[in-house]
Amino acid sequence: MHTTLNMPDKPSEEDKDGKSKGKTERTAYRNLFERVKQNERQKIKEELDKKEIKDYNEEEKEK
């Protein structure tokens with residue numbers, strides 16, 4: 001029987017449906033992202049990259 005270390009044998013008390021909150025959120029995000037056109041995906045990725053670079057630069061200035 002193949003099991004992964006990250007998967008519990010039983011759902012937790014707060015998750016009676018058997019799905020973890022993180023897995024549900026990732027699935028929702030993936031489904032949303034798949035509906036976006038390919039060229040829009042690239043624009044979104046570029047915007048996220050720009051934001052991350054800006055945040056990093058601001059953190060470095062504070063140090």
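Heads up: the sequence shown at position 35 corresponds to 35 in UniProt numbering, and the numbers run straight through without jumps. C-beta atoms are modelled at their ideal positions from N, C-alpha and C, and glycine is treated no differently.
Which of helix, strand or coil DSSP assigns to residue i
i, result
"Arg-41", "helix"
"His-2", "Because His-2 carries a pLDDT of 47, less than 50, the predicted location of this residue cannot be relied on, and no value is offered for it."
"Arg-35", "coil"
"Lys-54", "helix"
"Lys-63", "coil"
"Leu-48", "helix"
Check whether residue i and residue j have beta carbons under 8 Å apart
i, j, result
"Arg-26", "Phe-33", "no"
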